[in-house]
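Under my numbering, the residue at position 24 of the sequence shown is numbered 459, and the numbers go up by one with no gaps.
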Amino acid sequence: MKMHRIVGLAAAILSLASPSFAQDVAKSMSAKAAAVARAMDNAMTPGDYQKRLEPMIGNFDVRVLIWVDPSKPPVESSASAVSVWVLGNRFVQTMLVGGPSADAFNAIGYIGYDNAAKQYQAAWMDDGSTAMTLYTGGFSADGKSATVKASITNASTGKPTPLELRMSLGANGGHVTQLWGMGLGTKMFKMMELQYTRTKP
């Protein structure tokens, strides 16, 4: 007789001889199921970390500054943005339209907090690229600023290059996001700054 059959038979005999053994096993399984249920509930329920994003909700005028060369003044333009809660206040969706009149652009972004991974995650897409940029990071202890980081493929070299999105939240609901990257160089510099001024809650 194979060993696993012997073990199975012994377990069956033991459970029959001792009903409390079967009850203990049932209680153990029940406790594990309850723990799994609590973990799943915690992972799916929005809380304080999501509420930190509340200042981003509303309609905004956006001042756009773009640095192609860090040694030269930025190119300035304007845009408008609408940010709303989606999927039961779990994620903030931002729709942005604007840019220079000769080169208008559209973008959509999402940001949220992953309760299980314990980190903020953001996604950005625009019509200047076919790539989705995915960021991860966190807020400062006071909740007034955040840094999330990503890696993208450099279109010129085909190699990965780092990006940082740095955000600061104002008391009046305005906020500033800065995009830092290497551009064509080897050092990080501020490539873009978006200054959001609330026009409607």
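By construction, the Cβ of each residue, glycine as well, lies at the ideal position given by its N, Cα and C atoms.
Since we're looking at a predicted model, the values are computed, not measured.
Three or more pairs of CB atoms, one per stretch, sit closer than 8 Å, so the segment 518-527 contacts the segment 490-502. For Trp615, the pairing in a beta bridge is given by DSSP as Glu599 and Lys625. Under the DSSP assignment, Lys486 falls outside any beta strand (DSSP E), being part of the alpha helix (DSSP H) whose first and last residues are Asp483 to Lys486. Of all alpha-carbon atoms in Gly616, Ala606, Val497 and Ala585, the one lying nearest the alpha-carbon of Asp577 is that of Ala606. Phe574 and Lys507 have their C-alpha atoms roughly 31 Å apart. Here Gly482 is exposed. Its C-beta has fewer than 16 other C-beta atoms within 10 Å. For Ile546, DSSP records a beta bridge to Val527 and Ala557. Per DSSP, Ser586 is one residue of the beta strand (DSSP E) stretching across Ser580 to Thr588.
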